[in-house]
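Just below is one structure, and these are the notes that go with it.
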Amino acid sequence: MPTKSLPDCMRKLANVYQVWRDLQKNAKKLQDVFKRRQQEFVSNLDNLFDIAHSDALQLMKIEKDRMFLQRQREAGRPGHLGGVNKKRTDK
C-alpha cells in the first residue's frame with residue numbers, strides 16, 4: 001500500500017501530540033469550550049490515523065487492497081489484516 005513520506009507522517013504525529021499536550025494543560029478547566037475540544041480530540045482518535053498516500057486508491061492495482069483501504073477509512077475500521085501471503089513473500 002503506498003504511504004505518505006516519513007517527514008509528512010512525523011509532522012502529522014507531532015501535530016496530534018501537540019494537540020494532546022495542549023488539552024492536558026487545560027484538563028482541569030470545566031468550561032464548555034475545553035470539554036468540546038476534548039470530545040473532538042477523542043472522536044478524531046477513533047478515526048483511522050491515515051498515512052496512506054493521497055492517490056493510494058489510484059496507485060493500487062489489486063482490488064482486495066483497494067477494498068481494504070476503503071474499509072479502513074470507514075468509521076469503526078471494519079477492515080482487518082489476515083495472515084502473511086506466502087506466494088508473495090517467497091519471491
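Numbering-wise, the sequence shown is residues 1 to 91 according to full-length UniProt numbering. Note that CB positions come from ideal geometry on N, CA and C, so glycine has one too.
Under the three-state DSSP convention, the category residue i falls into
i      : result
Ala-52 : strand
The ligand SAH heavy atom lying under 7 Å from the CB of residue i
i      : result
Ala-27 : By its list of ligands, the structure shown contains no ligand whatsoever, and the ligand SAH lies outside what it can speak to.
Contact check, residue i vs residue j, beta carbons under 8 Å
i      : j      : result
Ala-56 : Pro-7  : no
Gln-38 : Leu-23 : yes
Separation of residue j from residue i, as counted between CA atoms
i          : j      : result
His-53     : Tyr-17 : 21 Å
residue 96 : Leu-69 : As displayed, the chain neither begins before 1 nor continues past 91, which places residue 96 out of reach and without an answer.
Arg-66     : Leu-13 : 24 Å
Gln-72     : Phe-34 : 29 Å
Gln-31     : Ala-75 : 29 Å
Lys-36     : Lys-87 : First, the residue type needs correcting, since residue 36 is Arg and not Lys in the sequence shown. The straight-line gap from Cα to Cα measures roughly 49 Å.
Identity of the residue in the options nearest residue i by Cα
i      : options              : result
Trp-20 : Ser-5, Lys-4, Asn-44 : Asn-44
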